[in-house]
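Enquirer:
Number of protein chains: 2
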Amino acid sequence: MKTTNIYTGSLSTIVMKLLNEHDSMYGYQIVKRVIEITHGELQITEGALYPCLHKLEAAGFVEVSYAMIGRRTRKYYKLTEKGTRETVKKLAELERYIQNMRALIHPKFRQAE
Amino acid sequence: MKTTNIYTGSLSTIVMKLLNEHDSMYGYQIVKRVIEITHGELQITEGALYPCLHKLEAAGFVEVSYAMIGRRTRKYYKLTEKGTRETVKKLAELERYIQNMRALIHPKFRQAE
DNA sequence: AGTAATGCATAAAATATTTATGTATATTTG
DNA sequence: CAAATATACATAAATATTTTATGCATTACT
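These protein sequence lines map, in sequence, to chains A and B. Each residue of the first sequence is one higher than the one before, starting from 1 at the first, in my numbering. Each residue of the second sequence is one higher than the one before, starting from 1001 at the first, in my numbering.
Structure representation (structure tokens):
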């Protein structure tokens, strides 16, 4: 039984929060930044990241611009206003997740009934 | 774009921790207990729970016993020793997840480089 | 008697991620 | 300078997980 990945379902939250902080980022930069912040504990795969970014774009949560670096095209993603509102929701959801998991895991921390 | 479920990937951790606390539980009880603890915010579906329990059993993490309640059979799950060791790992993984997500979400909380 | 709750379970569809692969440019290092 | 590594995008197949839908049967409530 391959242990399930607990990070499943968190990718878009992570990406959107990073975009919210950095104003504008490109894919490779996101991958590196996550490794940096989590000290290598979380390594986003490109196969997950790019489809995620494309979905965010399709949903109107990010907008895209291009930059030429030498002869190479770099694709920048930036949160739209709609995307920023969605990010707020995602972060609130994450906070609730953490609170709920705390309640489940540390019964002492359970809120009053 | 249907928002992704952040609880994805956490089900077996939740189940194993509850089993660890309660010594022995049956499926329906797990569903109800999670609703109770999270004040209805997390509702485990049976379609997810039962396959999860069966996988835990196949992996040797839980063992099963039956009880007759009236004319109805109730199936109890109990952590094995191996399952308890796995639960410890899962909980450590969850703590790391929360720390990493905190580092990603609240840059102020980031650990020293 | 009919509805809701208890209790198990599976299957189809939807969703998400990992792994593998592909293409191309740029930089570092022996 | 050639080879290895890093940068940078992307997609497809396989895998994993969950939601939604369905089914069966018993028990409690109204």
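All C-beta atoms, glycine included, are put in the ideal place defined by N, C-alpha and C.
#1: What residues in its chain sit with their C-beta under 6 Å from that of B/Thr1013, if we drop five residues either side in the sequence?
#2: Grouping DSSP H, G and I as helix and E and B as strand, with all else coil, what is B/Ile1035?
#3: Just verifying my parser: in three-state terms, what is the DSSP assignment at B/Glu1041?
#4: Do A/Leu56 and A/Val15 have their beta-carbon atoms positioned less than 8 Å apart in this structure?
#5: Determine the closest residue to B/Val1064 out of B/Thr1080, B/Glu1046 and B/Arg1071, with distance taken between C-alpha atoms.
#6: Per DSSP, B/Val1064 forms a beta bridge with which residues?
#7: Return the CA-CA distance between A/Leu104 and B/Ile1044, expressed in angstroms with no decimal places.
#8: Can you name the residues of chain B whose CB is closer than 7 Å to the CB of A/Thr121?
#9: With 8 Å set as the bound, which would you pick, yes or no: does the beta-carbon of A/Leu42 sit closer than that to a beta-carbon of chain B?
#10: So what does DSSP say about B/Tyr1050, is it helix, strand or coil?
#11: Could you check whether B/Thr1084 and B/Asn1005 sit closer than 8 Å to each other, using their CB atoms as the reference points?
#12: With a threshold of 8 Å on Cβ separation, who are the neighbours of B/Leu1011 within its own chain once the five nearest residues in sequence on each side are excluded?
#13: For B/Ser1012, report the span of its alpha helix (DSSP H) as first-last.
#14: Quick one: residues in its chain with C-beta nearer than 7 Å to the C-beta of A/Met1, no 5 flanking neighbours on either side, listed in chain order?
Expert: To lay it out plainly:
#1: Lys1090 and Leu1094
#2: helix
#3: coil
#4: yes
#5: B/Thr1080
#6: B/Tyr1077
#7: 13 Å
#8: There is simply no residue 121 of chain A to check, as chain A begins at 1 and stops at 113 in what is shown.
#9: yes
#10: helix
#11: no
#12: Ile1044, Ala1048, Leu1049 and Cys1052
#13: Leu1011 to His1022
#14: Summary for A/Met1: the model assigns pLDDT 42, below 50, so the residue's position carries little reliability, and this model does not support an answer.
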